[in-house]
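Novice:
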Ligand code: GDP
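Residue numbers (my numbering): 17 to 314.
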């Protein structure tokens with residue numbers, strides 16, 4: 017699924033680079049290095065990382081006739097080191113329900129990601145309670161309700177405009193009563209002043225912390241891989257206000273810009289925990305550096 021979801025990025029990194037070579041190989045000179053650089057740049061990894069990969073290829077092979085596999089191996093290894101992160105899975109509560117807050121700008125794929133996470137946890141035998149904490153968007157609550165019913169999760173919601181913290185309170189309460197394994201909480205994604213956002217998230221944290229001392233266990237930032245630099249700076253506000261612990265990168269299927277993981281890792285200094293590669297609940301995979309790089313070169 018990962019390799020399939022990453023088709024467009026894979027095509028650049030794999031097919032397009034292969035196309036630079038003839039069966040008998042090719043001399044590594046400035047022309048080839050520039051052609052490789054141009055392809056790397058198209059994945060949105062950024063000029064710095066693309067230069068680093070190009071320099072490595074130059075160092076290893078300049079003046080020699082090489083085959084595609086030599087170059088692809090270099091790219092894969094350098095990319096893996098650029099993306100390197102602590103690939104730890106979701107931090108689960110030592111006992112009792114694990115509480116996960118999900119934050120992000122509207123449109124990034126928050127609702128869909130919550131459905132995907134629900135499915136992921138349920139597939140592993142966990143019971144899930146959802147808290148529809150985005151009480152400003154009736155549509156988000158409705159959508160989440162449909163997913164909850166379809167996937168077999170309990171959902172706690174409030175009337176439009178109710179205090180999100182009260183929904184959080186009830187969701188945590190329900191999770192504890194039902195002895196649920198995981199409680200996933202949606203949050204508002206509108207970009208108002210950062211101070212309001214901070215106050216709201218702080219309140220949510222307090223409400224959770226009162227009932228579950230070490231919660232929330234994870235605060236996941238949902239980020240649209242296709243949103244570009246502007247998306248990154250918008251999401252920074254959320255990430256700082258919410259004290260995020262990890263990133264879910266969505267919409268990697270629709271883009272050839274899978275290299276964007278590199279600048280995102282750098283901008284947020286947070287591990288990428290999951291990636292979204294489609295619109296369906298099953299279109300989510302755990303991110304780990306090696307599997308991701310393998311998928312790109314599969
Ligand atoms: P929210 O406003 O952040 O809650 O965003 P939604 O979950 O409603 O998603 C916005 C749009 O992006 C919807 O059309 C989703 O189907 C779509 N979407 C979300 N995640 C992905 C993904 O990983 N891949 C693709 N192709 N579409 C996605």
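Idealized CB from N, CA, C, for every residue including glycine.
Here the structure is a predicted model, which is why all the values come from computation and not from measurement.
#1: May I ask you to report which of helix, strand or coil DSSP gives residue 290?
#2: Does the beta carbon of residue 156 fall short of 8 Å from some heavy atom of the ligand GDP?
#3: Can you look up residue 57 in the DSSP assignment and give me helix, strand or coil?
#4: I need the straight-line Cα distance from residue 63 to residue 71, nearest angstrom please.
#5: Rounded to whole angstroms, what's the CA-CA distance from residue 269 to residue 311? Just pull it up for me.
#6: Counting only the same chain and skipping the five closest in sequence on each side, list residues whose C-beta sits under 6 Å from that of residue 119.
#7: Can you give me the start and stop residues for the beta strand (DSSP E) that residue 201 sits inside?
#8: Express the C-alpha separation of residue 42 and residue 290 in angstroms, rounding to a whole number.
#9: Spell out the partners DSSP gives residue 230 in its beta bridges.
#10: For the ligand GDP, is there a heavy atom less than 8 Å away from the beta-carbon of residue 266?
#11: Determine the DSSP secondary structure at residue 106, reduced to helix, strand or coil.
#12: Give the DSSP-derived three-state secondary structure of residue 177 in the structure shown.
#13: Using a Cβ-Cβ cutoff of less than 6 Å, which residues in the same chain neighbour residue 227 once the five nearest sequence positions on both sides are dropped?
#14: Under 8 Å: do the segment 88 to 100 and the segment 170 to 177 share three or more Cβ pairs, one atom per stretch?
#15: Given this structure, state the Cα-to-Cα distance separating residue 266 from residue 192, to the nearest angstrom.
#16: For residue 159 and residue 34, what's the separation of their Cα atoms in angstroms?
#17: Buried or exposed for residue 234, please, with buried defined as at least 16 other CB atoms from any protein chain shown within 10 angstroms of its CB.
#18: Is there at least one non-hydrogen atom of the ligand GDP closer than 8 Å to the beta-carbon of residue 126?
#19: Quick one: does the C-beta of residue 23 sit closer than 8 Å to a heavy atom of the ligand GDP?
#20: Mapping DSSP to helix, strand and coil, what is residue 189?
#21: With which residues is residue 300 paired in a DSSP beta bridge?
#22: What is the C-beta distance between residue 201 and residue 123, in whole angstroms, given that I count them as a contact (C-beta under 8 Å)?
Specialist: Short version:
#1: Walking along the chain shown from the start, residue 290 turns up at place 274. Strand at residue 290.
#2: For the purposes of this step, residue 156 is taken as the residue at position 140 of the chain shown. Answer for residue 156: yes, Cβ within range of the ligand GDP.
#3: Here residue 57 is taken as the residue at index 41 of the chain shown, counted from 1. Looking at residue 57 - three-state DSSP - the assignment turns out to be helix.
#4: Within the chain shown, the letter at position 47 stands for residue 63. Within the chain shown, the letter at position 55 stands for residue 71. If you take the alpha carbons of residue 63 and residue 71, they lie about 12 Å apart.
#5: Sequence index remark: in the chain shown, residue 269 carries index 253 (1-based). Sequence index remark: in the chain shown, residue 311 carries index 295 (1-based). Roughly 12 Å separates the two Cα atoms.
#6: For this step, residue 119 is matched to residue 103 along the chain shown. The residues are 203, 237, 254, 258.
#7: What you label residue 201 is simply residue 185 of the chain shown in a count that begins at 1. Looking at the DSSP string, the run of the beta strand (DSSP E) that includes residue 201 is 198 to 202.
#8: Residue numbering aside, residue 290 sits at position 274 when the chain shown is read from its first letter. Residue numbering aside, residue 42 sits at position 26 when the chain shown is read from its first letter. Each residue's alpha carbon lies about 38 Å from the other.
#9: Stepping through the chain shown from its first residue, residue 230 is reached at position 214. DSSP lists no partner for residue 230.
#10: As a working note, residue 266 is residue 250 in the chain shown. Yes, the beta carbon of residue 266 sits closer than 8 Å to at least one heavy atom of the ligand GDP.
#11: Here residue 106 refers to the residue found at position 90 when the chain shown is read from its first residue. Of the three classes helix, strand and coil, the one that applies to residue 106 here is coil, per DSSP.
#12: Here residue 177 is taken as the residue at index 161 of the chain shown, counted from 1. Three-state result, residue 177: coil.
#13: Here residue 227 refers to the residue found at position 211 of the chain shown. Answer for residue 227: 188, listed in chain order.
#14: no
#15: Locating residue 266 in the chain shown gives position 250, where the first residue counts as 1. Locating residue 192 in the chain shown gives position 176, where the first residue counts as 1. Cα to Cα, residue 266 sits roughly 30 Å from residue 192.
#16: If you number the chain shown from 1, residue 159 lands on position 143. If you number the chain shown from 1, residue 34 lands on position 18. Going from the Cα of residue 159 to the Cα of residue 34 covers about 43 Å.
#17: By 1-based counting over the chain shown, the position of residue 234 is 218. The residue is buried, with at least 16 neighbouring Cβ atoms inside 10 Å.
#18: Residue numbering aside, residue 126 sits at position 110 when the chain shown is read from its first letter. Yes, the ligand GDP has a heavy atom inside 8 Å of this Cβ.
#19: Taking the chain shown and counting its residues from 1, one reaches residue 23 at position 7. Residue 23 Cβ: outside cutoff for every heavy atom of the ligand GDP.
#20: Looking up residue 189 in the chain shown gives position 173. Note: residue 189 maps to helix in three-state DSSP.
#21: What you label residue 300 is simply residue 284 of the chain shown in a count that begins at 1. DSSP lists 292 as partners of residue 300.
#22: The count along the chain shown starts at 1 and reaches residue 201 at position 185. The count along the chain shown starts at 1 and reaches residue 123 at position 107. That belief does not hold up - the Cβ atoms of residue 201 and residue 123 are roughly 19 Å apart, past 8 Å.
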